[in-house]
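I have placed the structure first, in the form of structure tokens, so that the comments after it can refer back to it.
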Amino acid sequence: MKILHICSGKGLGGTRSVFLAHQKLFESLKIESIPLIRPNAKVLSALSEDSKKITKIINYYRRFPIRFQKSFSIMQNLANSSDLIWVHKPIDCYIWRNIAPKAKIVMVVHGFQNTNLKKADYLVAVSKPVFNHLKSKGFSNIFLINNFLKSPVTSHDIKWNETVQISSFGFFRKKKGFTDLIDALDILENKLNFKNFKFDLYGNGRLSLLLRIKKIFQNVKNLKINPWTDRMQEKLLESDIVVIPSRSESFSMVTIEAMAAVCLVVSTKCFGPEFIITDEVDGLLIERQNPQIMAEKLKEIIENKYRFTKLRENGRLMVSEKFSMEKSKTEMKRLLDIFLRK
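Next comes the structure, spelled out in structure tokens:
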């Protein structure tokens with residue numbers, strides 16, 4: 000079996016993280032999976048040494064007709080010599096269907112989009128909410144493989160920092176809810192007069208300047224806004240609490256990564272995390288777009304932090320059981336058999 004595994008984005012983030020997880024899963028199943036990326040893609044440095052040796056780096060423009068580009072014939076040969084083309088972005092469904100009309104294309108669906116999905120032969124949803132969305136829109140050949148952790152979940156001593164360390168990670172755009180987060184921290188610091196915490200926000204994106212201006216204007220001193228970090232695992236291990244303030248999430252990789260690092264996850268009820276977290280058992284769910292409730296919940300946790308220690312350990316155990324690579328291996332084998340048999 001030979002899979003052409005496409006990652007057309009150049010940055011890092013949720014989609015690329017899943018690309019890397021799937022590539023590692025293919026490796027563990029001893030499947031020949033050839034990563035295809037564009038020049039300067041950051042995922043290259045994160046691939047294993049074995050994957051780097053077979054990676055194809057091809058320059059093409061996603062918004063320009065592919066058949067008129069120099070790389071067209073190279074891409075066509077790669078597609079035609081593969082059993083499956085595995086893509087992670089709807090635009091790539093369109094591109095690769097034009098390159099290889101008869102190829103079998105598997106589209107990993109990360110969100111609630113519909114565009115270009117009919118170009119794929121099979122749709123693989125990364126979460127139950129995405130699966131339900133696709134089903135409601137009348138798509139067929141839908142399958143489910145929950146996002147999973149690339150690394151084994153190991154046991155960690157659960158310690159609380161004397162000054163509670165809170166973190167949040169994500170692309171700075173409206174649906175991630177970081178403006179709501181700053182409003183909540185404003186309430187926590189300046190209205191509830193509570194300052195016994197440090198908050199680090201990591202990310203990049205078009206709202207970066209707005210968030211920094213908002214932090215200054217609202218005088219939120221305990222918040223530090225940082226660029227996206229490639230040392231996310233290290234930062235998670237330094238954190239006590241991770242906040243997911245999103246307005247909409249199809250899954251939320253940060254949620255399971257934070258729970259694996261025994262952080263207490265406080266998430267809004269934004270679809271994806273609701274299917275991961277059991278409220279007051281292995282994490283906390285709060286109303287979305289409600290800074291007052293977020294501020295009050297954070298104050299409650301920090302003032303009674305040892306009461307929430309058990310939730311941190313429960314979160315680690317839960318993701319180890321439900322979102323491990325070992326669990327995903329069995330499901331991936333089953334799907335590949337289906338895709339190649341049809």
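Position 68 of the sequence shown, counting from 1, maps to 67 under numbering that gives the first Met the number 0, and the rest follow consecutively. All C-beta atoms in this analysis are idealised placements derived from N, C-alpha and C, irrespective of residue type, glycine included.
Beta-carbon proximity list for residue 290, same chain, < 7 Å, skipping 5 on both sides: The residue labelled residue 290 in the question sits at position 291 within the sequence shown. Around residue 290: 179, 182, 183, 186.
Do you know how far the Cα of residue 321 is from the Cα of residue 142? One-based indexing of the sequence shown puts residue 142 at position 143. One-based indexing of the sequence shown puts residue 321 at position 322. The straight-line gap from Cα to Cα measures roughly 17 Å.
When you compare each of 318, 209, 75, 203 to residue 226 by their alpha carbons, which one comes out closest? Position 227 of the sequence shown, counted from the start, is the residue given in the question as residue 226. Of 318, 209, 75, 203, the residue nearest in Cα terms is 203.
Inspect the beta-carbon positions of residue 253 and residue 169 and report whether they are closer than 8 Å. Counted from its first residue, the sequence shown places residue 253 at position 254. Counted from its first residue, the sequence shown places residue 169 at position 170. Closer than 8 Å, so yes.
Rounded to whole angstroms, what is the Cα-Cα separation between residue 48 and residue 207? Taking the first residue of the sequence shown as position 1, residue 48 is located at position 49. Taking the first residue of the sequence shown as position 1, residue 207 is located at position 208. Going by the C-alpha atoms only, they are around 34 Å apart.
Under a Cβ-count criterion, where at least 16 other Cβ atoms within 10 Å of its own Cβ denotes burial, should residue 62 be classed as buried or exposed? One-based indexing of the sequence shown puts residue 62 at position 63. Per the 10 Å Cβ criterion, exposed.
Bridge partners - residue 108, DSSP secondary structure assignment: What you label residue 108 is simply residue 109 of the sequence shown in a count that begins at 1. Its beta-bridge partners are 124.
Residue 239 versus residue 319 - alpha carbon distance: If you number the sequence shown from 1, residue 239 lands on position 240. If you number the sequence shown from 1, residue 319 lands on position 320. The alpha-carbon atoms of residue 239 and residue 319 are separated by roughly 19 Å.
Could you give the DSSP three-state label for residue 59: helix, strand or coil? Looking up residue 59 in the sequence shown gives position 60. If DSSP states are grouped into helix, strand and coil, residue 59 belongs with coil.
What number of angstroms, rounded off, separates the C-alpha of residue 103 from the C-alpha of residue 2? What you label residue 103 is simply residue 104 of the sequence shown in a count that begins at 1. What you label residue 2 is simply residue 3 of the sequence shown in a count that begins at 1. Their backbone Cα atoms lie some 10 Å apart in a straight line.
From residue 97 to residue 268, what distance separates their C-alpha atoms? By one-based count along the sequence shown, residue 97 stands at place 98. By one-based count along the sequence shown, residue 268 stands at place 269. Taking the straight line joining both Cα atoms gives about 39 Å.
Spatial neighbours of residue 323 in its chain, beta-carbon cut-off 8 Å, leaving aside the 5 residues before and after: Position 324 of the sequence shown, counted from the start, is the residue given in the question as residue 323. Contacts found: 147, 148, 151, 152.
Would the segment 298-318 count as touching the segment 258-274 if we require 3 or more Cβ pairs under 8 Å? yes
Do residue 334 and residue 84 have their beta-carbon atoms positioned less than 8 Å apart in this structure? As a position in the sequence shown, residue 84 is number 85, starting the count at 1. As a position in the sequence shown, residue 334 is number 335, starting the count at 1. Not in contact: residue 84 and residue 334 (Cβ atoms no closer than 8 Å).
Give the list of continuous beta strand (DSSP E) stretches no shorter than 3 residues that lie fully inside the segment 240-296. 240-243, 263-267, 283-285
Mark residue 216 as exposed unless 16 or more other C-beta atoms lie within 10 angstroms of its C-beta, in which case mark it buried. Taking the sequence shown and counting its residues from 1, the one referred to as residue 216 is at position 217. Under this definition residue 216 is an exposed residue.
Cβ atoms of residue 108 and residue 116: under 8 Å apart, would you say? Taking the sequence shown and counting its residues from 1, one reaches residue 116 at position 117. Taking the sequence shown and counting its residues from 1, one reaches residue 108 at position 109. It is a contact, given that the beta carbons lie within the stated cut-off.
Proximity winner among 70, 196, 286, relative to residue 220 (alpha-carbon distances): Residue numbering aside, residue 220 sits at position 221 when the sequence shown is read from its first letter. Of the candidates 70, 196, 286, the one whose C-alpha sits nearest the C-alpha of residue 220 is 196.
Run through DSSP, which three-state label would residue 3 get? Position 4 of the sequence shown holds residue 3. Three-state DSSP puts residue 3 in a strand.
Beta carbon of residue 43 nearer than 8 Å to that of residue 57: Your numbering for residue 43 matches position 44 in the sequence shown. Your numbering for residue 57 matches position 58 in the sequence shown. For residue 43 and residue 57, no; Cβs fall outside 8 Å.
Identity of the residue in 171, 29, 136, 87 nearest residue 342 by Cα: Nothing about residue 342 can be reported from this structure: the residues present for the chain run from 0 to 341 only.
Please look up how many angstroms separate the CB atoms of residue 293 and residue 285, rounded, as I've assumed it's under 8 Å. If you number the sequence shown from 1, residue 293 lands on position 294. If you number the sequence shown from 1, residue 285 lands on position 286. Sure, about 6 Å apart at Cβ, within 8 Å.
On the DSSP bridge list, what partners appear for residue 200? For the purposes of this step, residue 200 is taken as the residue at position 201 of the sequence shown. Note: residue 200 sits in a beta bridge opposite 167, 224.
Outcome for residue 22 when other beta-carbon atoms lying within 10 angstroms are tallied against a minimum of 16: Residue numbering aside, residue 22 sits at position 23 when the sequence shown is read from its first letter. With 16 or more other Cβ atoms within 10 Å, it is buried.
Can you give the Cα-Cα distance for residue 329 and residue 288, rounded to whole angstroms? Residue 329 sits at position 330 when you count from the first residue of the sequence shown. Residue 288 sits at position 289 when you count from the first residue of the sequence shown. When rounded, the distance between both Cα atoms is 38 Å.
Return the residue from the list 340, 313, 251, 212 that minimises the CA-CA distance to residue 110. Within the sequence shown, the letter at position 111 stands for residue 110. Per the Cα distances, 251.
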